[in-house]
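Have a look at the structure below before the remarks.
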Amino acid sequence: MKIGVRIMPRNEVLDTQGRAVEKTLGHHDFKVRCCRVGRYVEIDLDESDERRGLDQAQKMTEFVLHNPLIERYELEVIHEK
Amino acid sequence: MELDKRLKFYRLSRSEYERIESLLGRPPQGVEWALFSALWSEHCSYKSSRVHLKKFAFKSARVRVVESVGENAGIIDLGEGERVAFKMESHNHPSFIEPTQGAATGVGGILRDIFTMGARPVASADYLCFGEPTADRMEALVAGVVKGIGGYGNCVGVPTITGQTEFHASYNTNILVNAMNVGVFQPEDKVFLSKASGPGNYVVYVGAKTGRDGVHGASMASESFDEDSEKKRPNVQIGDPFFEKLLIESCLEAMSENLVVAIQDMGAAGLTSSSFEMASKGNVGFEIHLDRVPLRDPSMSPEEVLLSESQERMLLICEPEKFDRLKSIFDRWDLDATVIGNVVSERKVTLHWRGETLTSLDPHLLVEEAPLYERPFKIWTSQNRVSKREEIFSTLQKALGSKSGSEVLKTILRDFRGASRSWIYRQYDQRVGASTVLDADHSIGALRLKSSGRGLGMVLGCRPYLMRWDARVGAMDAIVHPALELAVKGFEPLAVTDCLNFGNPERESIMSEFVASVEAMSEICKALGTPVISGNVSFYNETLGKNISSTPATGVVGLRRSGVNQIPSDLFESEDDKIFLIRLPQVTLGGALNENLCGSSLGVGELDATQLASFVNRTLEIANRFPIRSSRVVGKFGLAYTLARMGRKRGCRILEEDLGRVGITQKEMLFCENLYEAILVLPEKASGNFLRDLSTHVEAHYLGSVGGDDLQIGEWISLSTQEIQKSYQQGWGETFEALA
Amino acid sequence: MKSSVVGIVRFPGTNCDRDVWEAVEAEGHRARWLWHADLFDVRSVDRIILAGGFSYGDYLRAGALAARSPVMRSIQEAAARGTPVLGICNGFQILCEVGLLPGALVLNTSMKFIDEWAPISLKATNRYWGGSHFSKGTKLNLPIAHAEGRFYTENLQELLDRNQVWWTYENNPNGSLGSVAGVMNREGHVAGLMSHPERAVAEWMGCEQGKLFFKSDV
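Residue numbers (the working numbering), protein chains in the order written: chain G, 48 to 128; chain P, 805 to 1544; chain X, 3 to 220.
Have a look at this one:
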């Protein structure tokens, strides 16, 4: 099963990349209230139980994928058609 | 009870509270707590060190000091219209918590200190101390810090041209990240100060919006780490080098059009320190409307706005009629410039928030009236001496056992403490700015000054193993060693910045080392005529009761008046060149190898500042008078290691009988350290009368000649240049496998 | 050799602009700034250089945000008229992003920023940049300084066949496909190079042959 990890800068932390993208979009007359840039990681696991899969993905995320000081994350099971 | 809790939260002592009460004539209220907490913190007020730092003050005959301690950075005059601003600062605590952002914001902060004054930042240097490679998180800390320094410096476009990296168990839970920056004023550039003036002038906020980053950071940097530190952690400050680059260009542009009356970086304690310090220095007051400060998060409280350490912000004073022009410059660079208040003649800073007056305080109370402590210390006495030099050699002999000289040397070259740091500096842009003459691959960093074509040299100092042996010697060395490194390359050492990293000053042993260091440094600086023009004190480098080795890091800046393309090489260059040793051996010690093998070092002798200064001066004279092809100061691990580092390209031949004349009669002595010695290499043709010419200058000896593909030192050492290079380059990867 | 007007583009975050300015003026040309937010009269410049640095902080992808700037519309217009355009480092990345040059520059295989002297050798001559000063096989030692410099293209062979591969690394420091250090468009007047010639224009810098890129024979 595939698990997706969406990693985003924590709201209270300055997102330098988001700020730069937001400004550029604004200069091209796109109306953007706020833009934040994160990362998306797909992990393909040899696992069929969703709970266990999410559990493993959470361990991996906390182990290395995200930096708790500046980022938060969300996990999701990817259902492929 | 309630009071005790508050005092703890704001990190104020009871006596400090009483002092505040008597200064105000009433108890502090509201945001005043936060103001006093921040500005009276060790970090902002230097309350434990100020008494001693005064010893650094003297008038130098060597160099004209334009600005000194008390401003954002110090400035010296190089003549021909060129001036340089430089300073070094610590970012130890934040880097231990989040190494990449901690180191990055350290670089950002020191850059702002430089361009705030009107100088364009042209070169950076970093002094790093890490723990043992096997210590918890250490690989990640090393990788993170290097990434942070490189990421910021490279993007902002300021080359990192030199550095120093140390390792020792005392830094396992408290690494040191000290960043230095140098900026140049061209002849037409004006110096800008932080002294506010002109009632009616605008107080203008420029740069990034304010967020909750690092609230209470300054007071946190002023106490020891404990298990709670994790919880007390303020939001990590995020540095944005891209934004900083825009800030540099816009500020320098505004300054070149003379639109700025005074300016200061919002660094530690953010808006609080910049506003109160600027007002206090100018003997004026401010009316500030905190609700006009551009915010990233509109739900912030006034206290948070005051204490935020959001990066890339400046506070400046501007005449009202010039504001439109100022604003158009910042607009063009896509930055905010917002009037948040104005200057008033009465010396009172009044803070407004949504129609309410939060406080109105004389800025002197927070700045000038900060407490001053004379922490107890003991007069320094020599440490770790042995009665006879022979004891040092025999100790080393025992520790080395039956190892051959070649084996010992190879081991040192491969040890992470002796191996090349190229893994680090390859990640730094060393050439942006197109001025770099000597990059981080060299023993000193050097730039070519654009206007005059002269060479500007910079090098860092402080060898922590010497500090551990004897703080007085170690601190004096933190000046002499870099000064000598400049001198052997023909650069006249001119002035010094320092970053005094120490443990908890409330401990007598630490305070004693601090006082001994400051005294030793000021003594040698006076003798050399190289004033300390800027710096920073970082106390409380203590975690769970363990203190770091006292580490007074320094940066010394020097000037080479001509021939930037004729600077002596660090390496042996040409067959048959002649190798000489000049020396003033005042101290002999087992040194770095001794400490690595035995845990501590033994030594004899004392340093004499006057004689050392004259040795440095004579070395400089020699470097400028003779056609020196290669040169190097004999440093850690002694003569053999120094020769090996010079012999990475071409070998040399040194005979036992020539070593004998220097007094080196056994292999262990090649690994001892004498303070001070330097190697000078001359083309054969020019070397004929060299010793005779030098005899009135310094003690000098002939050592041997350059040549071949091996380093041959007596019967004791025989290593090919290839083996030397291989060991020297492999060492890092063998220690930091994950980083290789 | 005649003097020409060289437009140097300044994006927010460009940091080699002043270095290129000095290198250009040292060769007797007149340099002028081209500001990222402005269009310019394409007849007012004889050549255009996009200097290195970190335009828009290299956020999102190196060169991506800069490629969408107004000034790039003028540059595309100028390129269409045949005005020579050189992109150095970040400038190279931007020219790839707007499609004036083939390929893309991605993260180095080491995943780190690399600063070093990297020898390169000339694969195909370019009459607009360096011109007759270099011939096939010419070797130069120029500094590189980048994190995203690994050249990638889906059709390297095609580029080689059309003599669009300009310079290659001698020992491929960043993992570039085909060791490519620089490429040009089919006509040759738009070129990109990861190395920094403006940092090698004097003996004291360690090499002075970089100045040959800023001379002009055309």
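Cβ coordinates follow ideal geometry from the N, Cα and C atoms, glycine included.
Residue environment, residue i, which counts as buried when at least 16 other CB atoms sit within 10 Å
{"i": "P:Pro-1297", "result": "buried"}
{"i": "P:Val-1109", "result": "buried"}
{"i": "G:Gly-73", "result": "exposed"}
{"i": "P:Ser-1078", "result": "buried"}
{"i": "P:Ile-1528", "result": "buried"}
{"i": "P:Ala-1368", "result": "Residue 1368 of chain P is actually Val in this sequence, not Ala. Buried, because 16 or more other Cβ atoms sit within 10 Å of the Cβ of P:Val-1368."}
{"i": "P:Lys-809", "result": "exposed"}
{"i": "P:His-1285", "result": "buried"}
{"i": "P:Asp-1497", "result": "exposed"}
{"i": "P:Gly-829", "result": "exposed"}
Beta-carbon spacing of residue i, residue j below 8 Å
{"i": "P:Ala-1417", "j": "P:Ala-1490", "result": "no"}
{"i": "P:Val-1008", "j": "P:Ser-1112", "result": "no"}
{"i": "X:Leu-97", "j": "X:Val-192", "result": "yes"}
{"i": "P:Gly-922", "j": "P:Ser-1255", "result": "no"}
{"i": "P:Leu-1056", "j": "P:Arg-924", "result": "yes"}
{"i": "P:Arg-1235", "j": "X:Ala-66", "result": "no"}
{"i": "P:Met-1070", "j": "P:Leu-1119", "result": "yes"}
{"i": "X:Gln-211", "j": "X:Leu-124", "result": "no"}
Residue i: first and last residue of the uninterrupted alpha helix (DSSP H) it sits in
{"i": "P:Ile-1328", "result": "1312-1332"}
{"i": "P:Phe-989", "result": "No alpha helix (DSSP H) holds P:Phe-989; the beta strand (DSSP E) holding it covers 980-989."}
{"i": "P:Thr-1423", "result": "1413-1429"}
{"i": "P:Phe-1090", "result": "From DSSP, P:Phe-1090 is part of no alpha helix (DSSP H) but of the beta strand (DSSP E) over 1089-1093."}
{"i": "P:Met-1070", "result": "Unbroken run through P:Met-1070: none, as it is neither H nor E."}
For residue i, the three-state DSSP class (helix, strand or coil)
{"i": "X:Met-3", "result": "Unreliable placement is indicated for X:Met-3, whose pLDDT of 49 sits below 50; no coordinate value is reported for it."}
{"i": "P:Gln-1390", "result": "strand"}
{"i": "P:Trp-1536", "result": "helix"}
{"i": "P:Pro-1268", "result": "helix"}
{"i": "P:Pro-898", "result": "helix"}
{"i": "P:Gln-1526", "result": "helix"}
{"i": "P:Trp-1157", "result": "strand"}
{"i": "P:Lys-1350", "result": "strand"}
{"i": "G:Ser-95", "result": "coil"}
{"i": "X:Arg-70", "result": "coil"}
{"i": "P:Tyr-975", "result": "helix"}
Below-8 Å beta-carbon distance, residue i vs any chain P residue
{"i": "X:Gly-65", "result": "no"}
{"i": "G:Val-84", "result": "no"}
{"i": "X:Phe-153", "result": "no"}
{"i": "G:Lys-78", "result": "no"}
{"i": "X:Glu-99", "result": "no"}
{"i": "X:Asp-40", "result": "no"}
{"i": "G:Val-111", "result": "no"}
{"i": "X:Cys-209", "result": "no"}
Range covered by the beta strand (DSSP E) that runs through residue i
{"i": "P:Thr-1161", "result": "1160-1165"}
{"i": "P:Thr-969", "result": "964-971"}
{"i": "X:Tyr-171", "result": "167-171"}
{"i": "P:Pro-1286", "result": "First-last for P:Pro-1286: 1275-1291, but that is the alpha helix (DSSP H), not the beta strand (DSSP E)."}
{"i": "P:Asn-1146", "result": "1140-1148"}
Below-8 Å beta-carbon distance, residue i vs any chain G residue
{"i": "P:Gly-1395", "result": "no"}
{"i": "X:Gly-59", "result": "yes"}
{"i": "X:Arg-129", "result": "no"}
{"i": "P:Asp-1140", "result": "no"}
{"i": "P:Ser-1132", "result": "no"}
{"i": "P:Arg-1100", "result": "yes"}
Residue-chain proximity (residue i, chain X), Cβ-Cβ < 8 Å
{"i": "G:Val-68", "result": "yes"}
{"i": "P:Trp-1137", "result": "yes"}
{"i": "G:His-75", "result": "yes"}
{"i": "P:Ala-1238", "result": "yes"}
{"i": "P:Cys-1055", "result": "no"}
{"i": "P:Pro-1309", "result": "no"}
Neighbour flag for residue i against chain A, beta carbons, 8 Å
{"i": "X:Arg-34", "result": "Absence of chain A from the displayed structure is noted, the protein chains being G, P and X."}
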